[in-house]
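Trainee: Here it is, the structure, as structure tokens.
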Amino acid sequence: MKKINLVLLFFILTTIGFSNQILLKNLRFNGNPPQMVIDVEGNIKPKYNISYDEQNRYLFVEFLNTKASSNLKNKIINGSYVKNIKIRKYNNSTGIFIFFKNNINYSACYWSNPTRFVLNFDKNKAKKEYTIIIDAGHGGKDPGATGFNRYHEKDIALKIAKYLKTNLRKDFNVIMTRTKDSFISLSGRPNIGNKAKGDFFVSIHLNASNSSQGSGADIFYFSRTESNYAKKVAIFENSVGSKFGENADDITLIMGQLFYKKNKEISAKVVSRSWIYYKHLRYK
Numbered sequence: 624m625k626k627i628n629l630v631l632l633f634f635i636l637t638t639i640g641f642s643n644q645i646l647l648k649n650l651r652f653n654g655n656p657p658q659m660v661i662d663v664e665g666n667i668k669p670k671y672n673i674s675y676d677e678q679n680r681y682l683f684v685e686f687l688n689t690k691a692s693s694n695l696k697n698k699i700i701n702g703s704y705v706k707n708i709k710i711r712k713y714n715n716s717t718g719i720f721i722f723f724k725n726n727i728n729y730s731a732c733y734w735s736n737p738t739r740f741v742l743n744f745d746k747n748k749a750k751k752e753y754t755i756i757i758d759a760g761h762g763g764k765d766p767g768a769t770g771f772n773r774y775h776e777k778d779i780a781l782k783i784a785k786y787l788k789t790n791l792r793k794d795f796n797v798i799m800t801r802t803k804d805s806f807i808s809l810s811g812r813p814n815i816g817n818k819a820k821g822d823f824f825v826s827i828h829l830n831a832s833n834s835s836q837g838s839g840a841d842i843f844y845f846s847r848t849e850s851n852y853a854k855k856v857a858i859f860e861n862s863v864g865s866k867f868g869e870n871a872d873d874i875t876l877i878m879g880q881l882f883y884k885k886n887k888e889i890s891a892k893v894v895s896r897s898w899i900y901y902k903h904l905r906y907k
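For our numbering, add 623 to where a residue sits in the sequence shown, where the first one is 1.
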């Protein structure tokens, strides 16, 4: 008899616990201002935990002591802000994952009459913590290396720089040392980065070789150790010096200037993108 009473008591307590769960009725979006709204049944506002994963661009909201209606389902949105929504129902809580296209600012609050949970999004004020300087090597009167079919290093470097900018500007402030076929002095390139208070300086160049066997990429990075390292990298890079009266090649000079104390405001990450040319060959 006691065993039956205990089972009955457990069933009653469990039923009461589930009956006190707050129902999340629906999830919808408002366009202006950009909002995600969750309609809540009744006047009680469920407690929630919220966290944002900036690296993976998702927001997680956990509503405690709630149950989700059948209207709350995984959704593919592909809107201006949100890519998709995933709902997880577990124990006495409901978890909602909101995946974003770009990093955003958000604010959360409850509104009353009727009760609803509101997320406000603002991508225009999304944080861009870092500024990246993209330097397309050579340019203008300095063509850089010349390959088969008279392709010039300066033109390909600029195309790569523009492609890189397109992919980075969603999350970073991006400054280019040149956006067209123009000549920028070697001293002027790091000065542009310092003036913009850049965090990273990426200089794009393309290797040249008489051999068809070469492949791969070379990456040279700025050393904080005060040594001659910055002046010795990229010794195989085509030199501007022989053409315009300067003794060192452009990568060496840029890194050397960044090495000096007057130009140590930004870190330099100099990238030499490998592109193998067959010099003096022409298609017939």
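Just so it is clear, CB atoms sit at the ideal spot from N, CA and C, and this is done for glycine as well.
Tell me, which residues are paired with Y681 by DSSP?
Mentor: Y681 is bridged to D676, F722.
Trainee: Pick from I710, I700, I719, R711: whose alpha carbon is nearest that of Y675?
Mentor: When only C-alpha atoms are compared, the closest one is I719.
Trainee: I need the DSSP call for G767, collapsed to helix, strand or coil.
Mentor: The answer is coil: DSSP assigns G767 none of H, G, I, E or B.
Trainee: Is it true that the segment 797 to 805 meets the segment 813 to 828, where meeting means three or more beta-carbon pairs spaced less than 8 Å apart?
Mentor: Contact holds: three or more Cβ-Cβ distances are below 8 Å.
Trainee: Determine the extent of the alpha helix (DSSP H) in which T789 is found, giving its start and end residues.
Mentor: It spans 776 to 791 - the alpha helix (DSSP H) in which T789 sits, taken as one unbroken run.
Trainee: Nearest CA to the CA of A840: which residue from S834, L829, F652?
Mentor: Minimum Cα distance to A840 is reached at L829.
Trainee: From the DSSP output, read off the bridge partner residues of I645.
Mentor: Beta-bridge pairing links I645 to T689.
Trainee: D758 to T769, Cα distance in whole Å?
Mentor: In a straight line, the C-alpha of D758 is about 19 Å away from that of T769.
Trainee: Thinking C-alpha only, which one of P657, N726, E664 is nearest N649?
Mentor: It is E664 whose Cα lies nearest to the Cα of N649.
Trainee: Whole angstroms are fine: how far does the CA of K712 sit from the CA of G821?
Mentor: Straight-line Cα distance between these residues: approximately 45 Å.
Trainee: Have a look at F823 and E752 and give me their C-alpha separation to the nearest angstrom.
Mentor: Between F823 and E752, the C-alpha separation is close to 12 Å.
Trainee: Looking at the secondary structure, which residues open and close the alpha helix (DSSP H) in which N743 lies?
Mentor: That residue, N743, is in no alpha helix (DSSP H); its beta strand (DSSP E) goes 739 to 745.
Trainee: I need the straight-line Cα distance from F740 to N679, nearest angstrom please.
Mentor: Looking at the two C-alpha atoms, the distance is approximately 23 Å.
Trainee: Going by the beta-carbon positions, is the gap between I700 and F652 smaller than 9 Å?
Mentor: The answer is yes: Cβ separation under 9 Å.
Trainee: Check this for me: beta carbons of A780 and G811, under 9 Å apart or not?
Mentor: The answer is no: Cβ separation not under 9 Å.
Trainee: So, at 6 Å on beta carbons, what are the nonlocal neighbours of M659 in its own chain, with the 5 sequence-adjacent residues on each side left out?
Mentor: For M659, where only same-chain residues beyond five positions count, the Cβ hits under 6 Å are F652, L742.
Trainee: In its own chain, which residues sit with a C-beta less than 6 Å from the C-beta of I756, not counting the 5 before and 5 after it?
Mentor: Contacts found: I798, G816, G821, F824.
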